[in-house]
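In the numbering used here, the protein residues as written are 306 to 642. Just so it is clear, CB atoms sit at the ideal spot from N, CA and C, and this is done for glycine as well. As structure tokens, the structure follows; a few thoughts come after it.
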Amino acid sequence: MTEDEKTLKDREVEHLILLVGGNPLPNAVAGRLLVKDGGRITLLHTVDTRSIADRLKIWFTQQGMVENKIDVRGTDRTHRRAIQVTVEQVLTKDEKGVGLNYTSGTSAMSVHVHTAVSQRATNPICSYLDGRSLCMVFDDGATAHVGRLGQFAITIEDLFWLHDTPLREKKGGSTSHNAVLPDIEGEQKGERFEKEVGRAMLSLMENGQIDEMWMNVKAELSGLDDNKWPEFDVVALRGYQLFFISCGTAPGRSELKQKLLEAYVRGRQLGGDEACVALACQRNDPSLELEIQQTLQVKDRVKVFGSKHLPKLSQHLSKWIKEQSREGKPCPEINYS
Numbered sequence: 306m307t308e309d310e311k312t313l314k315d316r317e318v319e320h321l322i323l324l325v326g327g328n329p330l331p332n333a334v335a336g337r338l339l340v341k342d343g344g345r346i347t348l349l350h351t352v353d354t355r356s357i358a359d360r361l362k363i364w365f366t367q368q369g370m371v372e373n374k375i376d377v378r379g380t381d382r383t384h385r386r387a388i389q390v391t392v393e394q395v396l397t398k399d400e401k402g403v404g405l406n407y408t409s410g411t412s413a414m415s416v417h418v419h420t421a422v423s424q425r426a427t428n429p430i431c432s433y434l435d436g437r438s439l440c441m442v443f444d445d446g447a448t449a450h451v452g453r454l455g456q457f458a459i460t461i462e463d464l465f466w467l468h469d470t471p472l473r474e475k476k477g478g479s480t481s482h483n484a485v486l487p488d489i490e491g492e493q494k495g496e497r498f499e500k501e502v503g504r505a506m507l508s509l510m511e512n513g514q515i516d517e518m519w520m521n522v523k524a525e526l527s528g529l530d531d532n533k534w535p536e537f538d539v540v541a542l543r544g545y546q547l548f549f550i551s552c553g554t555a556p557g558r559s560e561l562k563q564k565l566l567e568a569y570v571r572g573r574q575l576g577g578d579e580a581c582v583a584l585a586c587q588r589n590d591p592s593l594e595l596e597i598q599q600t601l602q603v604k605d606r607v608k609v610f611g612s613k614h615l616p617k618l619s620q621h622l623s624k625w626i627k628e629q630s631r632e633g634k635p636c637p638e639i640n641y642s
């Protein structure tokens with residue numbers, strides 16, 4: 306057992322309260338890592354996040370949890386007294402073995418639930434998932450890197466489904482390390498280039514650096530015709546961390562920039578702060594990456610692979626994924642000053 310696994314094991318609880326926000330991924334991670342076998346989960350949601358809580362309940366039961374041990378409970382998003390009453394309903398007085406993960410939910414909701422749980426339960430174990438470091442951070446100062454722990458598994462299909470954007474098409478990759486991307490006579494330039502990028506990512510799956518990879522992923526969005534559903538060139542998962550690679554063959558700088566910006570928005574919607582997005586293109590333009598980072602006001606999680614990277618693309622992708630996953634790096638120290 307690693308030190309990170311021991312930290313989590315020592316802080317597993319019988320009853321975990323999860324605040325449900327717009328992104329279900331932190332809840333899925335916390336629910337799989339912080340509850341003892343046979344334990345229960347309470348999903349606290351607002352009017353806006355009820356459907357997300359319902360999908361989380363279904364997903365947890367699919368992962369082996371008992372359905373009647375998952376409670377979906379509504380509360381107010383800001384009103385202190387209303388939130389306090391809800392907490393009093395889901396916790397018995399001085400209940401032991403209680404945990405709270407407050408990663409999601411509104412800021413006001415997090416503060417009020419944290420206060421109410423601390424007053425109602427005996428020595429609750431409170432935590433949040435830090436998307437920048439991929440670390441579970443506990444109120445007692447303990448931390449554990451959870452980017453790729455073996456206690457839980459989430460698939461690309463799970464991730465899209467939790468966001469109510471079920472996959473309708475996917476090609477040329479799989480969880481199988483023997484997947485093949487054959488060339489087809491008459492393919493367009495863009496299709497050939499996407500396969501080059503896909504093969505580079507596939508080599509990383511074969512050596513175990515990523516867990517799952519698909520190409521030409523099309524997801525259903527309710528209210529849109531199928532010809533308007535978003536399509537993702539290359540989608541990969543390492544643990545629960547999402548990697549999007551957008552492949553661009555257009556010669557124009559503005560078209561490439563727009564392609565990456567769109568991928569970034571989609572990536573953050575699905576994968577949260579942990580999501581990483583890259584553009585693979587045939588242009589030699591070192592300033593493009595910096596310009597996009599400045600436009601998005603981000604220092605990392607965004608990368609451009611240009612013509613100089615293509616001869617050794619798999620090596621450059623490997624280095625980037627290792628950096629973004631913080632592989633081998635300790636969790637940041639907590640600053641209490």
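Per DSSP, the continuous alpha helix (DSSP H) segment holding Asn332 begins and ends at Leu330 to Leu338.
Distance from the CA atom of Glu594 to the CA atom of Leu321, rounded to whole angstroms, is 41 Å. In the three-state scheme derived from DSSP, where H, G and I count as helix and E and B as strand, Arg473 is classed as strand. Taking C-alpha positions only, Ile461 is separated from Thr391 by approximately 34 Å. The C-alpha of Glu499 lies about 22 Å from the C-alpha of Arg573. Nearest to Ala555 by alpha-carbon distance, out of Asp538, Cys586, Arg543 and Phe548, is Cys586. Under the 10 Å beta carbon count, Asn589 is surrounded by fewer than 16 other beta carbons and is classified as exposed. With 16 or more neighbouring CB atoms inside 10 Å of its own CB, Ala505 falls in the buried class. Asp605 and Gln629 have their alpha carbons spaced roughly 8 Å apart. When secondary structure is reduced to three states using DSSP, Asn521 falls in the strand class. The continuous stretches of beta strand (DSSP E) do not include Gln599, which lies in the alpha helix (DSSP H) extending over residues Ser592 to Leu601. A distance below 8 Å between beta-carbons, with the five flanking residues on each side excluded, links Gln514 to the following residues of its chain, in chain order: Arg543, Ser623, Ile626 and Lys627. The criterion of a C-beta distance shorter than 8 Å is satisfied by Leu618 and Val502.
About 20 Å separates the beta carbons of His350 and Val318, which is beyond the 8 Å limit, so they are not a contact pair. Of the candidates Val403, Gly404, Arg385 and Gly336, Arg385 places its Cα closest to the Cα of Ser412. Look at Asp381 here: in three-state DSSP terms it is coil, with no helix or strand label. Between the C-alpha atoms of Ser559 and Tyr569 there is a straight-line separation of about 15 Å.
Ala387 is classed as exposed because its beta carbon has fewer than 16 other beta carbons within 10 Å across all chains shown.
DSSP, reduced to helix, strand and coil, places Ile322 within a strand of the structure shown.
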